[in-house]
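Student:
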Amino acid sequence: MRLYLINPSNPLVSIVKVKESRWNRYRVWKPLSLMVLAGLTPPEWEISIVDENLGAPDYAAMARPDLVGITAFTSQANRAYEVAAHFRNLGVPVVMGGIHATICMDEVAERVDCVVTGEAEGIWAQVLEDARQGSLKRRYDGGFAEINDVPLARHDLLASGYALGAIQTTRGCPLNCSFCSVTAFNGARYRQRSIPDVVREFQSIREKRVLVVDDNLIGTRPEHIARAKDMFRAIAQAKLRKEWIAQVTINFADDEELLALAAKAGCRGVFIGFESFSPEGLREIGKKFNLLKGRDFRASVRCIQRHNILVVGSFIIGLDIDKPGIGKRIAEVARKYGVDNLNVLFLTPLPGTRLWDQMKSQDRIALDTFPQDWKYYTLTFPVAKYKHLSIDRIIVEMLSCGRDFYSMQHILCRVLGNLWHRRQPLISLVGNLSYRNNLRLNSKAYADFKGYWETGTIGFRGI
Ligand code: B12
Ligand code: SF4
1 MRLYLINPSN PLVSIVKVKE SRWNRYRVWK PLSLMVLAGL TPPEWEISIV
51 DENLGAPDYA AMARPDLVGI TAFTSQANRA YEVAAHFRNL GVPVVMGGIH
101 ATICMDEVAE RVDCVVTGEA EGIWAQVLED ARQGSLKRRY DGGFAEINDV
151 PLARHDLLAS GYALGAIQTT RGCPLNCSFC SVTAFNGARY RQRSIPDVVR
201 EFQSIREKRV LVVDDNLIGT RPEHIARAKD MFRAIAQAKL RKEWIAQVTI
251 NFADDEELLA LAAKAGCRGV FIGFESFSPE GLREIGKKFN LLKGRDFRAS
301 VRCIQRHNIL VVGSFIIGLD IDKPGIGKRI AEVARKYGVD NLNVLFLTPL
351 PGTRLWDQMK SQDRIALDTF PQDWKYYTLT FPVAKYKHLS IDRIIVEMLS
401 CGRDFYSMQH ILCRVLGNLW HRRQPLISLV GNLSYRNNLR LNSKAYADFK
451 GYWETGTIGF RGI
């Protein structure tokens, strides 16, 4: 039985534009969901994982599969449907799962043979067996998996050519920020994989550098932190010699022992969602965790960096409190905090989030011709009606933020600072140049987007 597992690409996502910016070569990430699905698949299935981010293959020239499984974030849904249509025309049954299939089940069900909602661990074997028997049902629900059922992902199946391997050590997040899908999709309970499993899986990864995809690697409670420390100790003891990056909350900075252990285990960079520099902004999006009294963000960033760990800071633009001038302000604050890279995203009502419900009820979802508009739900296009910023204005703000933070002068300052502190100056340079290069690609993407906006059905200028 031949199974194709496909990760559809979205040409609007800048990381796939490797030709236009060779720096993006370092930013194509492995589709871990499909590697996990492969790990759950019995040996009688011959599996091929197709990652369209490395280039879409000529499906017509490939051997006919018995079953196709497609994963998709919302932004990949359009391409997912094209791929599904191709195989369904050949009479091959198509199963779709992942976050978009879970949240927008009815839309997906119209376009594939079978929808799998939730996490696949508890249900995939059944889906495969039914497919083998020719009795595939229209819908299966995996719910939340038992964390010990998460298999070792099949790291052997993907081609080389990725800069980083990928691994997941926890699922779920209790913080439920209004713009984020994680609590809705993976639940509020923070589930941690067994440490020996994590170490074994790390060992099976070919790449020296690894992305730990957890939404928050260290968690928020003392017992979470204690487990993170144990895991870092075990990774260090196993002498894996891997270098990895992860997402964490700002409390990472509050525990010197945690930082030292993480660095010893190979942590070289963390991605932190600051989201907004103002308490009103944080309250607006429900990121209360960053509101802790007395937090000095600059000092926290320094603490992390002292352990030779780079910090990527993420902010959101387009909150109700954001007014003209916000772009430059974010760049200034990020420089003040001293982050090594800045990642700014447009406030985007992702389906299934509290923000979606709120914006929908206020008629503020601007790009709402679905499914075709999903391709713009990459957080890199302004798809909503923002309170104080028209579409033209918010794009100007985003560009001015990028041009300020990634000016050659500021890049040089940061990289020289990292050279002086012997803090991965080369990685810092590559990271900064990659972002700078994408500014050019983004300007072009915004121009095309505005063209679509103006000729499309949306004719307003802010609310
Ligand atoms: C790693 C990651 C990335 C990587 C992508 C790696 C990849 N897959 O290619 C990078 C950094 C590139 C990325 C980019 C983006 N991401 Co992202 N990302 C994640 C993250 C943190 C983890 C995903 C992961 O690997 N999980 C581990 C695997 C094992 O779990 P899983 O994917 O959920 O798969 C399980 C089930 O869903 C199911 N399943 C999945 N696929 C299938 C298929 C079949 C057939 C079946 C049966 C089951 C099934 O089974 C799996 C095992 O249980 C999630 C957060 C999260 N918790 O999901 C956000 C998340 C998926 N990302 C999100 C977003 C918005 C984006 C971006 C659009 C914007 C951005 N700038 O971040 C881009 C766009 C990417 C694109 N190509 O269009 C949102 C998606 C929301 C939505 N409705 O789509 C999430 C949920 C984060 C959030 N804050 O809300 N992301
Ligand atoms: S943004 Fe981060 S902290 Fe907030 S709910 Fe999502 S994963 Fe949790």
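Counted the way the working numbering counts, the sequence shown spans residues 1 to 463.
Don't be surprised by glycine CBs; every beta carbon is placed ideally from N, CA and C.
1. Does DSSP put LEU67 in a helix, in a strand, or in coil?
2. From PRO8 to GLY327, what does the alpha carbon distance come to, in whole angstroms?
3. Terminal residues of the continuous beta strand (DSSP E) containing VAL270?
4. Apply the 10 Å Cβ neighbour rule to THR369 and answer buried if 16 or more other Cβ atoms are within range, or exposed otherwise.
5. So what does DSSP say about PHE179, is it helix, strand or coil?
6. Suppose contacts are defined by Cβ-Cβ distances below 7 Å. Is ILE272 in contact with ILE250 by that definition?
7. Taking 6 Å as the line, does the beta carbon of LEU32 fall inside it for any heavy atom of ligand 2?
8. As a quick exercise: from MET35, VAL333, LYS323 and ASP254, pick the residue whose alpha carbon is nearest that of GLY465.
9. Under 8 Å, with one C-beta from each stretch per pair, do the stretch 164 to 173 and the stretch 209 to 223 reach the 3-pair mark?
10. Beta-carbon within less than 7 Å of CYS104's beta-carbon, same chain only, minus the 5 sequence neighbours each way: which residues are those?
11. Taking all protein chains shown into account, do 16 or more other C-beta atoms lie within 10 angstroms of the C-beta of THR183, making it buried, or fewer, making it exposed?
12. Please report the straight-line C-alpha distance between GLU454 and SER204, rounded to a whole angstrom.
13. When you compare the stretch 266 to 283 with the stretch 221 to 231, are there three or more beta-carbon pairs, one atom per stretch, that lie closer than 8 Å?
14. Taking 7 Å as the CB-CB limit, is VAL28 close to chain B?
15. Is the closest heavy atom of ligand 1 to the C-beta of THR455 under 6 Å?
16. Give the range of the alpha helix (DSSP H) segment to which ALA234 is assigned.
17. Spatial neighbours of GLY199 within its chain, please: CB distance less than 7 Å, with the 5 preceding and 5 following residues excluded, ordered by chain position.
18. Return yes when the Cβ of GLY98 is within less than 7 Å of the Cβ of SER48, no when it is not.
19. To which residues does DSSP link ARG171 through a beta bridge?
20. What is the DSSP secondary structure of ALA331, counted as helix, strand or coil?
21. Classify PRO65 as buried or exposed, calling it buried when 16 or more other Cβ atoms lie within 10 Å of its own Cβ.
22. Helix, strand or coil for THR455 per DSSP?
23. Taking C-alpha atoms, which residue in LYS242, ARG283 and GLY281 lies nearest to ALA464?
24. Does the beta carbon of THR183 fall short of 6 Å from some heavy atom of ligand 2?
25. Using a Cβ-Cβ cut-off of 7 Å (strictly less than) and excluding sequence neighbours within five positions of ALA77, which residues of its own chain qualify?
26. Could you pull the start and end residues of the beta strand (DSSP E) that TRP244 belongs to?
27. By DSSP, does ILE147 sit in helix, in strand, or in coil?
28. Give me the residue from ALA56, ARG2 and MET35 with the minimum Cα distance to GLU44.
29. Rounded to the nearest angstrom, what separates PRO349 and THR74 at their Cα positions?
30. In this structure, what does DSSP give as the bridge partners for THR317?
31. For ligand 3, is there a heavy atom less than 6 Å away from the beta-carbon of CYS267?
32. What does the Cβ neighbour count give for LYS137, buried or exposed, with the cut at 16 atoms within 10 Å?
33. When you compare only the Cα positions, how much space is there between PHE460 and ARG423?
34. With 16 other CB atoms within 10 Å as the buried threshold, where does CYS267 fall?
35. Reducing DSSP to helix, strand and coil, say where SER361 ends up.
36. Locate the alpha helix (DSSP H) running through LEU399, then write down its first and last residues.
Tutor: Inspection of the coordinates gives the following:
1. strand
2. 32 Å
3. 267 to 275
4. exposed
5. coil
6. yes
7. no
8. Nothing can be reported for residue 465: it is not among the residues displayed for the chain, which extend from 1 to 463.
9. yes
10. PRO351
11. buried
12. 50 Å
13. no
14. Reference to chain B is not applicable here, since this structure consists of a single protein chain.
15. no
16. 222 to 237
17. In the sequence on display, residue 199 carries Val and not Gly. Cβ neighbours of VAL199 beyond the five flanking positions: ALA234, ILE235 and ALA238.
18. no
19. ARG191
20. helix
21. buried
22. helix
23. As shown, the chain starts at 1 and ends at 463. That puts residue 464 outside it, with no answer to give.
24. yes
25. HIS100, PRO371 and TRP374
26. 243 to 248
27. helix
28. ARG2
29. 11 Å
30. Per the sequence shown, the amino acid found at residue 317 is Ile instead of Thr. Note: ILE317 sits in a beta bridge opposite PHE346.
31. As far as ligands go, the structure on display features ligand 1 and ligand 2 and does not contain ligand 3.
32. exposed
33. Unreliable placement is indicated for PHE460, whose pLDDT of 39 sits below 50; the coordinate value is still reported in the next sentence. Cα to Cα, the separation comes out at about 47 Å.
34. buried
35. helix
36. 391 to 405
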